[in-house]
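Novice:
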Amino acid sequence: MSASRRFRLDPPLAWVLAIVLVKQLAWWALMPLWQIPDEPAHFAYVQYWAESGHLPRATRERPQNEPSEEAAHTEKWTAFHDVTFHPDVRQPFTDGEDGPGEAELRDGPRLGRLKDGNSSAATYPPLYYALARVPYHLFAGGTIVDQVFAIRLVSVVLVVVTTWAASAMALELGLTAGLAACFALFVGMQPMLSMMGAAVNNDLLVIALCTVASWLLARIGRQGVSVRRVAGLALVVALGVLTKVQMLPFAVLVPAFLTLQMARQRPGVRRSAIALGLYGGVVAAAYLGWNAFQAWRGAALPPLPATPCDFNWYFNAVLWGFQGRTMAHMVNTMFWAAFGWLDTVFADPVYGVLGTLVAVGAAGSWVGYRRGTVPSRPFHVVAWGLGLGYWALLILGGYQLYSHGEKVMLQGRYLLPVWAAIAWVVFTGCLSWVPESRRRLVAVVLATLGCLFNTAAGILILGRFYV
Amino acid sequence: MSDVRHLLWKAALVAAVGSVGVWVTGLAVELLRRPDAVHLVSRLGQWKPVILKHGIAAGLLVVAVLVTGVGLARIASQVLGEPDRGVRPGSPS
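If you're matching them up, the sequences are chains Z and D in order. In terms of the numbering used here, the first sequence has 264 at position 264, counting the first letter as 1, and numbering is strictly consecutive. Take any residue in the second sequence, count from 1 to its spot, add 1000: that is its number in the numbering used here.
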């Protein structure tokens, strides 16, 4: 595929990006302050770095969320903190022109912006926060609310990048422009991605980078292993390693798929060794370099204690104030089918419909692979491996490296980095159930369903705050 | 107006009305569940810092629904009008 074709904005893709952009802007504007997982902690990181000029330093003790004095006042003035973790409490509103605490926010003490910066995000590498500092400084003259919403725009852009990368991946794997657009819409309208895409959270950069890396993996699978392609892939993965620890499972899986490709393509021992060595060297340099820097400045190194939780992965959606156990964990359906699926089908129709779709698509991918009716069969192996392998390594890594044997909080949003791969299995798996003459119609239906899921999520999640 | 364009706008209308219908139905269900709740739109104008003031959020909702409806119709028109079967010639099976 030529560069001009890859980067050309075909009309259907342009419409997809426009739909995802305005959808994400709506979520951005409507999702109230601090109501997305860990937003105060990530904002505290940005604020501390921007105001003090120093990166926050991780400690051995599990830090509590320590927002700045200004952020703490904001929670009090707006009463938003009363909603989080309390599904029975409704969003506070006033009947007047100003919202609750608006005057205090406007006149609040700017000195309160600097505290100790010891947020629970302090262990993370700085790449996302370096991006987030740009809007933070641009809106330094505004209130803290202005700054939070300005930083959230970075996430909006990253969701659009994720959608574009999903389209590029589908084009690389052989879909026509129209079907690739349907696939990208299916990816970009995922409700949990919509919710997280409205947040100040480094998850979004990991998600975007993993999706770009998935596209590069597809390109290597289709065009062959070359030093240049592997170098590009290694660079993207290294950037992810410099963003969040959740990139590590992805980084570990990539060499397995490179090896798989080289076993198929037989590029020669020397070129294979160079490719693997290059990948390992670049990614290891990023990881070790960051940790060496942390050691030099006296910050704590992994393994670090994680938030101990008791089965919290399942109930977290409720605790965060969402209605029912809906959007935040819908991707879990694929993996918790054995004991969660039937229950959730009846408990929540939207969760159930998407969960059923995932199951139908996964079965279609399996059957279609055996019959040879799915497009780009080799990538189905990669996609399955990314989906299942990422989740398994996440549990293993979280359990062994970061929890010291305690139960850890595992949320469905942690699967979003491999959502494009999961979506590929589901999307093409569903197509493989129907005759070729009907596949385009099914693709349109899937894209439409993606939009409807997103709308339903908006009603369920945003309705929690506004209705 | 050509048949394709006629079909396109009909599909856009159906998609837009469908999206609004889903939204309104959801709201109606929520309102029935909570008789004391007021309508979403009246809430949108009230907590101004969070919605960035000036009703931007309400406008964005309308734009999002319209762009989604029209965009979906355009994409559907493109996909259903594609001459091949969905996979480009020469693609690996």
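Glycine included, each C-beta is placed from N, C-alpha and C at the ideal position.
Between Leu1080/D and chain Z, is there a C-beta pair that is closer than 8 Å?
Specialist: Against the second sequence, residue 1080/D aligns to sequence position 80. Closer than 8 Å: yes.
Novice: Whole-angstrom Cβ separation of Leu1066/D and Val444/Z, contact assumed at under 8 Å?
Specialist: Counting from 1 along the second sequence, the entry for residue 1066/D is found at position 66. Counting from 1 along the first sequence, the entry for residue 444/Z is found at position 444. Their Cβ separation, rounded to whole angstroms, is 19 Å, which puts Leu1066/D and Val444/Z out of contact at 8 Å.
Novice: For a test of the three-state rule: what should DSSP assign to Leu9/Z, helix, strand or coil?
Specialist: As a working note, residue 9/Z is residue 9 in the first sequence. Three-state DSSP puts Leu9/Z in coil, outside helix and strand.
Novice: Pop quiz: Trp28/Z and Val156/Z are said to be a contact at Cβ under 8 Å. What is the actual Cβ separation, rounded to whole angstroms?
Specialist: Your numbering for residue 28/Z matches position 28 in the first sequence. Your numbering for residue 156/Z matches position 156 in the first sequence. Confirmed, Cβ separation roughly 5 Å.
Novice: Could you give the residue range of the alpha helix (DSSP H) that holds Tyr287/Z?
Specialist: Residue 287/Z sits at position 287 when you count from the first residue of the first sequence. Unbroken alpha helix (DSSP H) run through Tyr287/Z: Val269 to Trp296.
Novice: Under 8 Å, do Leu216/Z and Leu158/Z count as touching if we go by C-beta distance?
Specialist: Taking the first residue of the first sequence as position 1, residue 216/Z is located at position 216. Taking the first residue of the first sequence as position 1, residue 158/Z is located at position 158. Result no, Cβ atoms of Leu216/Z and Leu158/Z do not sit closer than 8 Å.
Novice: Between the stretch 32 to 48 of chain Z and the stretch 176 to 188 of chain Z, do at least 3 Cβ pairs fall closer than 8 Å?
Specialist: No, they do not touch.
Novice: Is Leu33/Z helix, strand or coil by DSSP?
Specialist: Translated into positions along the first sequence, residue 33/Z becomes position 33. Coil.
Novice: Whose C-alpha, out of Ser214/Z, Val16/Z and Ala362/Z, is nearest the C-alpha of Met475/Z?
Specialist: Examination of residue 475/Z is not possible in this model, given that chain Z is present from 1 through 467 alone.
Novice: List, in order along the chain, the chain D residues whose C-beta lies closer than 7 Å to that of Trp523/Z?
Specialist: Nothing can be reported for residue 523/Z: it is not among the residues displayed for chain Z, which extend from 1 to 467.
Novice: Report the three-state DSSP secondary structure of Val301/Z (helix, strand or coil).
Specialist: Position 301 of the first sequence, counted from the start, is the residue given in the question as residue 301/Z. Reading the sequence as shown, one finds Leu at residue 301/Z and not Val. Correct three-state label for Leu301/Z: coil.
Novice: Return the CA-CA distance between Asn454/Z and Pro37/Z, expressed in angstroms with no decimal places.
Specialist: As a position in the first sequence, residue 454/Z is number 454, starting the count at 1. As a position in the first sequence, residue 37/Z is number 37, starting the count at 1. Going by the C-alpha atoms only, they are around 19 Å apart.
Novice: Please confirm whether Pro267/Z has its beta-carbon closer than 8 Å to some beta-carbon of chain D.
Specialist: Sequence index remark: in the first sequence, residue 267/Z carries index 267 (1-based). Pro267/Z does not count as touching chain D.
Novice: Indicate whether the contact test is met: 3 or more Cβ pairs, each with one atom in the stretch 382 to 394 of chain Z and one in the stretch 144 to 154 of chain Z, closer than 8 Å.
Specialist: Judged by Cβ distances under 8 Å, the stretch 382 to 394 of chain Z makes no contact with the stretch 144 to 154 of chain Z, as fewer than three pairs qualify.
Novice: Out of Ala180/Z, Ala292/Z, Thr162/Z and Gly268/Z, point me to the one whose CA is closest to Pro417/Z's CA.
Specialist: Residue numbering aside, residue 417/Z sits at position 417 when the first sequence is read from its first letter. That would be Thr162/Z, whose Cα lies nearest to the Cα of Pro417/Z.
Novice: Can you tell me whether DSSP reads Asn454/Z as helix, strand or coil?
Specialist: Taking the first sequence and counting its residues from 1, the one referred to as residue 454/Z is at position 454. Helix.
Novice: Counting only Cβ pairs nearer than 9 Å, list the residues of chain D close to Ala181/Z.
Specialist: Position 181 of the first sequence, counted from the first residue, corresponds to residue 181/Z. Going along chain D in sequence order, the residues near Ala181/Z (Cβ under 9 Å) are Ile1075, Gln1078 and Val1079.
Novice: Answer yes if the stretch 217 to 231 of chain Z comes into contact with the stretch 353 to 372 of chain Z, meaning at least three C-beta pairs across the two stretches below 8 Å, and no otherwise.
Specialist: No: the two stretches stay apart, fewer than three of their Cβ pairs being nearer than 8 Å.
Novice: Taking the alpha helix (DSSP H) that Ser195/Z belongs to, which residues open and close that run?
Specialist: As a working note, residue 195/Z is residue 195 in the first sequence. Here the sequence assigns Met to residue 195/Z, which means Ser is not the residue at that position. Pro191 to Met196 is the extent of the alpha helix (DSSP H) around Met195/Z.
Novice: Counting only runs that start and end within the stretch 410 to 451 of chain Z, where is the alpha helix (DSSP H) found for 4 or more residues in a row?
Specialist: Counting whole runs of 4 or more residues, the stretch 410 to 451 of chain Z contains the alpha helix (DSSP H) stretches 419 to 431.
Novice: Comparing the C-beta of Leu1013/D with each C-beta of chain Z, is any distance below 8 Å?
Specialist: The residue labelled residue 1013/D in the question sits at position 13 within the second sequence. Closer than 8 Å: no.
Novice: Can you round the beta-carbon distance between Phe379/Z and Gly280/Z to whole angstroms, since I take them to be within the 8 Å contact cut?
Specialist: Taking the first residue of the first sequence as 1, we reach residue 379/Z at position 379. Taking the first residue of the first sequence as 1, we reach residue 280/Z at position 280. Contact doesn't hold; Cβ gap of about 23 Å is too wide.
Novice: Using 8 Å for Cβ pairs, my map puts Gly132/Z next to Val236/Z. What's the rounded Cβ distance?
Specialist: What you label residue 132/Z is simply residue 132 of the first sequence in a count that begins at 1. What you label residue 236/Z is simply residue 236 of the first sequence in a count that begins at 1. Reading the sequence as shown, one finds Ala at residue 132/Z and not Gly. About 19 Å; that fails the 8 Å criterion.
Novice: Using the three-state DSSP reduction, which class does Leu131/Z fall into: helix, strand or coil?
Specialist: Here residue 131/Z is taken as the residue at index 131 of the first sequence, counted from 1. Leu131/Z falls in the helix class under three-state DSSP.
Novice: Please list the terminal residues of the continuous alpha helix (DSSP H) segment that includes Leu253/Z.
Specialist: Counting from 1 along the first sequence, the entry for residue 253/Z is found at position 253. Start and end: Met247 to Gln265.
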